[in-house]
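Position in the sequence shown (from 1) plus 28 gives the number in my numbering. Using N, Cα and C, we set each Cβ at its ideal position, and we do this for glycine too. Written below as structure tokens is the structure these notes are about.
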Amino acid sequence: MKKRMATGLLALLLSAAVTVPAVSTALPVMAAQTISLSWSVNAVETTVTMPGKAQTAFDTAMQSYTGEALTPLAYYSLQVVSGYNLCFLCRQGGANGQPAVLKQVEIYQNGNGSECTVSSVQDFDLMDYMDNYRVPLADAPAPGSSEIVSNPGRSALPEEAAAVYEQSLRLIDGVQYDPLAYLGKQQDGTDTNYAYLCYTSTVTQHPDVYIDVVIVQKNAEGKLSLKSTHSLLGKRTWHPAVNGLLNYTFEGDNQYTAGYAEGTLSLTAEEAGTYQLYWADDSNALDGYYPIGKLKLKAGETGTIHMGYHTAIPVGARRVIATTGSTFVADAYSVWNIPYDKRLSWDNTEKPLYTFNTFSDIHIDKGSLWYVNAEANLKQALKFSVNKDVDYIVVSGDVVTNDSGPDKEWDAYQKVLSRSDYVNPVWESDGNHDMRQSVSSGLKSFVKGSGTDGSDSGLSYFSMTEEKTGDLFIFMSLELSKSPQSSEEFSDKQLAWVTKLLEENASTRNVFLVQHAPVKGFGAGDRMSNPYYKGLLNTDYASNQKFKELLLKYPNIVFLSGHTHEDFVMNYNYDDANGTAAHMIHTPSLAGSTMPNSSDDGLERNGGKG
């Protein structure tokens, strides 16, 4: 389920692809230099031409302002109420070699313009700016209009300046220039120079913030080059805990693409302790997500966590934090800020076509012999699904434990569903526990209890077509045995049915194949050699081998499994046989995940939830 995908959220968005231009190496990064332009940048002064009304408001307000002198760098926001509230980015100080600071200055102007006063001068909050104030530079609308120019999204630059940015500054040799403001342009002979105020970072490591003025030159033929960079404030720290102890190096083919998490997290401990790593927003660990991982370190020791291929940065994550207790960012031991172009987000025009959570091994257990918290965990998972507003829940088997009789447990399962606020469909496949006492009676109880006999009424396997997209979900059944490690599992009829569905659909739509048991020595769910879990699907049996062959024949489908309970932090949650097989995803147990035992030859419960 999505809540548990701390390290294994499939980077598969069922929407328009999120793309980032390829890395450009054509623009040489030149050393900072002094230039002679009307908006020249140096240690003392920067001037910028602003829209007329904004310039007038600023100049008038400064006449009565008694604080330390402010130099405007950019006008970036306006809100219309009874008059105007205008926001400016200003530099304060910087004379005689002294350090300068950035200030966010708000000026109030009444409706007729006769009154202009400074209403506040605050330290410039980069994160607040990124969220709320990046707006096109434009003259003010009339007072009394309903137009509010604030929190307008990410369309910050005038069209011409935006085109230059996209072609030249998006990513240059691993350096990311994220424009905070467009300062203007000027003709320089036959060339045109464009000036941007940028937040500068690297994609692979980001312990510090740099605020630079960056100048791009376009020659008469339209060729772009990076003319110069000018450090405005030098190196700045976002947060006291951005201390370089926690780092993240992105790797793989998608290391420069938004949302892809593949790479290595490393943490150096100044003090011995057990550190948990979380995805976080600006204030706290993301709600509903368990830790990315846990590192027990000695003083001076460095530990690593590898984020696998096709794992994703969750929507809303802006930071990774390392903590020994509190999950508040302000209390973190160390913080690593996710670069802007690596964050996964969507606005109202880019929402996914649909979303679903995956659960597995719910193990409702009325005998309370094994999973005493199963119902409580299911309630929590359903609440999470409501909060995330998912369209479906998909369960890859072992809905019940079947130690006290399946019907009693299926009734308990349905009661939890009916009493929750989750009202969208839940689609289940069966697992070995669903038929633990008897295969025939267990399958009948599954069909009755799940109510999801779909397009093949009365059978324990079925398919579902997603109504918005036509995507196909196929739910297979362990219909022959409760012991996939030691017997055939799929009838000829079921294999013919699933083969026909794949032949007809795998090349034309997204296909999700849901089946409880992973294949031994192949795909996600356990280590390849000497697996921890002894009950994996054994391909010495012909029907099981035919199932594996389908996964190899259709590498563009997604296979969802469960069964082993192995925790996400073990990193066995995704595999595609080096690109030769289906996208295979393993979901740990909702009732209780497992970890290797002290001998590393088996599994034991760690109390966590999958």
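Sequence-distant residues of its chain with Cβ nearer than 7 Å to residue i (five each side left out)
i           : result
residue 584 : 534
residue 138 : 111
residue 566 : 512, 513, 514, 548 and 572
residue 344 : 309 and 314
residue 92  : 145
residue 361 : 269, 303, 350, 351 and 352
residue 630 : 560
Cβ neighbour criterion (16 or more within 10 Å) applied to residue i
i           : result
residue 437 : buried
residue 625 : exposed
residue 479 : exposed
residue 405 : buried
residue 111 : buried
residue 248 : exposed
residue 213 : buried
residue 161 : Note that residue 161 scores a pLDDT of 43, beneath 50, so its modelled location is shaky; the value from the coordinates is reported in the next line. Answer is buried; the Cβ neighbour count reaches 16.
residue 403 : buried
residue 1   : Because residue 1 is not part of the residues shown, which for the chain are 29 to 638, the question remains open.
residue 346 : buried
residue 328 : exposed
residue 300 : exposed
residue 498 : exposed
residue 556 : exposed
residue 451 : exposed
residue 486 : exposed
residue 606 : exposed
residue 446 : exposed
residue 150 : exposed
residue 173 : In this predicted model, residue 173 has a pLDDT of only 34, less than 50, meaning its place in the structure is not dependable enough to derive any value.
residue 526 : buried
residue 196 : buried
residue 510 : buried
residue 215 : exposed
residue 67  : For residue 67, the predicted structure reports a pLDDT of 32, less than 50, and the residue's modelled location is therefore unreliable. The matter cannot be settled from this model.
residue 627 : exposed
Anticipated Cβ contact below 8 Å, residue i with residue j, distance rounded
i           : j           : result
residue 590 : residue 426 : 6 Å
residue 546 : residue 564 : 6 Å
residue 614 : residue 553 : 4 Å
residue 246 : residue 254 : The Cβ separation is near 11 Å, so there is no contact.
residue 551 : residue 523 : Wrong, their Cβ atoms sit about 18 Å apart, outside the cutoff.
residue 382 : residue 391 : Incorrect: roughly 27 Å between the Cβ atoms, too far for contact.
residue 412 : residue 316 : 5 Å
residue 192 : residue 222 : 5 Å
Contact set for residue i: own chain, Cβ-Cβ below 6 Å, skip 5 residues either direction
i           : result
residue 474 : 458, 462 and 488
residue 10  : Only positions 29 to 638 of the chain appear in this structure, which leaves residue 10 out of reach.
residue 501 : 492 and 540
residue 394 : 432, 436, 437 and 440
Bridge partners - residue i, DSSP secondary structure assignment
i           : result
residue 333 : 293
residue 468 : Per DSSP, none; premise fails for residue 468.
residue 275 : 294
residue 248 : According to DSSP, residue 248 bridges with nothing at all.
residue 561 : In the DSSP output, where bridge partners are listed per residue, residue 561 has none listed.
residue 586 : 540 and 611
residue 503 : 490 and 542
residue 100 : 118
residue 455 : 422
residue 633 : 622
residue 301 : 325
residue 362 : 350
Test item: CB-CB of residue i and residue j under 7 Å
i           : j           : result
residue 350 : residue 314 : no
residue 561 : residue 592 : yes
residue 494 : residue 508 : no
residue 273 : residue 303 : no
residue 490 : residue 541 : no
residue 618 : residue 387 : yes
residue 312 : residue 352 : no
residue 359 : residue 414 : no
residue 289 : residue 243 : no
residue 144 : residue 89  : yes
residue 422 : residue 455 : yes
8 Å CB neighbourhood of residue i in its chain, flanking five on each side removed
i           : result
residue 469 : 434 and 463
residue 310 : 155, 346, 347 and 357
residue 96  : 120 and 121
residue 602 : 36, 38, 336, 337, 338, 339, 552, 611, 612, 613 and 614
residue 219 : 245, 246, 247 and 248
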